[in-house]
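Per the working numbering, the sequence shown starts with residue 163, numbered consecutively. Take a look at the structure below.
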Amino acid sequence: MRLTSFSFVLVTVWVLCIGCASRRGTWDFTSKQSATCGLHKVVMTPKRVNLAFGMKPNTYYEAPAYKAMVQTFPHGDQPYDIGTCSPPRQRYARVYVCPVCAEVRRQWLAENK
Ligand SMILES: [Zn+2]
C-alpha cells in the first residue's frame, strides 16, 4: 500500500513537472467551426490565444464575468479555457475571434475593473 501511494505521488509530480515544462504548440479549434459569430453575425478571424485549463469552482460559472462572456462576448479576444484538470500539451489555442465580441469584452473589462 505504501509503495502504491509513493508511486502515485511520483507519477503526479512527474506529470505536473514534465507536463507544464513541455507545453508548446497550438491546438486548432477552428477546424470545422463556423467563421461567423453566432451572436453578432459578423465574420471572425482566426487568432492564436492562450490555452487555459483547470477545474473551476461552481462560483466561477455563476460570476458576472463568466455570464458576461457567455452572453455578450463568447468570441472575444481572450484565453480559451478547455476546463480540463490536467494541462494540455499545447500552450496556445487557435480560435476564431469576433471583432464585435472583442470590443464588447474590452468595454466590459474597462467598466468592471
Ligand atoms: Zn461576436
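Note that the Cβ used here is the ideal one computed from N, Cα and C, for glycine as well.
Does DSSP put residue i in a helix, in a strand, or in coil?
| i | result |
| --- | --- |
| Tyr230 | The residue you asked about is not Tyr; residue 230 is Ala in the sequence shown. Three-state result, Ala230: helix. |
| Val293 | Nothing about residue 293 can be reported from this structure: the residues present for the chain run from 163 to 275 only. |
| Arg253 | coil |
| Ala264 | helix |
| Arg210 | strand |
Going by Cα to Cα distance, which pick from the options is closest to residue i?
| i | options | result |
| --- | --- | --- |
| Asp190 | Val259, Ala255, Arg268 | Ala255 |
| Gly200 | Tyr223, Cys263, Asn274 | Cys263 |
| Arg268 | Ser196, Phe235, Gln252, Tyr258 | Phe235 |
| Asn212 | Met206, Tyr222, Arg186 | Arg186 |
| Leu271 | Met231, Arg253, Val257 | Met231 |
| Val259 | Thr188, Val204, Lys194 | Val204 |
Using only the alpha-carbon positions, how far apart do residue i and residue j sit?
| i | j | result |
| --- | --- | --- |
| Thr246 | Lys218 | 9 Å |
| Gly216 | Ile244 | 8 Å |
| Tyr228 | Ser184 | 29 Å |
| His202 | Pro250 | 30 Å |
| Pro261 | Gly238 | 7 Å |
| Ala225 | Val266 | 17 Å |
| Thr207 | Val257 | 8 Å |
| Gln240 | Ala214 | 10 Å |
| Lys275 | Arg253 | 27 Å |
What is the residue span of the alpha helix (DSSP H) that residue i lies within?
| i | result |
| --- | --- |
| Tyr246 | Inspection of the sequence shows that residue 246 is occupied by Thr rather than by Tyr. Where Thr246 is concerned, there is no enclosing alpha helix (DSSP H), given that its DSSP letter is neither H nor E. |
| Asn274 | Careful: Asn274 lies outside any alpha helix (DSSP H) and carries neither H nor E. |
| Thr221 | 220-224 |
Counting along the chain, where does the beta strand (DSSP E) carrying residue i start and finish?
| i | result |
| --- | --- |
| Thr188 | 188-190 |
Beta carbon shell of ligand 1 at less than 6 Å from a heavy atom: Cys199, Leu201, His202, His237, Cys260, Val262, Cys263
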